[in-house]
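Counting in this note's numbering, the sequence shown runs from 1 upward without gaps.
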Amino acid sequence: TVKDEGLLFRLVRMGFAQRRKTMINAVQNSGSWPFSRAEWLAIFEKSGLHPQSRAEMLSVHDFAVLADAVHDFRANCQ
């Protein structure tokens, strides 16, 4: 199960909000989190997902793994 269901849904919406955007650009340009590009790259590395992936290439499980990585990163920053 995902650690934060609301976060999962936010990531899915961001991923599909702009056509043909890579996930790194979609989440970074959303303005929802104050993470730098380097921090986003670290989050993607922790999740095992390629930052240049597009939302349509990711499974529900992939989004859940990414959501958990964001959740953990936020928890470690506080």
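By construction, the Cβ of each residue, glycine as well, lies at the ideal position given by its N, Cα and C atoms. As the structure is a prediction and not an experimental result, all values here were calculated from the model.
request  = Note the first and the last residue of the continuous alpha helix (DSSP H) segment covering PHE44.
outcome  = For the purposes of this step, residue 44 is taken as the residue at position 44 of the sequence shown. First-last of the alpha helix (DSSP H) with PHE44: 37–47.
query = Should ALA75 go down as buried or exposed, given a rule of 16 or more other Cβ atoms within 10 Å for buried?
reply = Taking the sequence shown and counting its residues from 1, one reaches residue 75 at position 75. With fewer than 16 Cβ atoms within 10 Å of its Cβ, ALA75 is classed as exposed.
task = Taking only the alpha-carbon atoms, compute the straight-line gap between MET14 and HIS50 and give it to the nearest angstrom.
result = For the purposes of this step, residue 14 is taken as residue 14 along the sequence shown, with counting starting at 1. For the purposes of this step, residue 50 is taken as residue 50 along the sequence shown, with counting starting at 1. Put simply, the backbone Cα of MET14 is about 16 Å away from that of HIS50.
Rounded separation between VAL2 and LEU11 - CA only = Numbered from 1 along the sequence shown, position 2 holds the residue referred to as residue 2. Numbered from 1 along the sequence shown, position 11 holds the residue referred to as residue 11. Going by the C-alpha atoms only, they are around 12 Å apart.
query = Can you name, in chain order, every residue of its own chain whose Cβ lies under 7 Å from the Cβ of PHE63, other than the five neighbours on each side?
reply = Counting from one through the sequence shown, the residue named residue 63 turns up at place 63. Only LEU8, LEU11, VAL12 meet the Cβ criterion.
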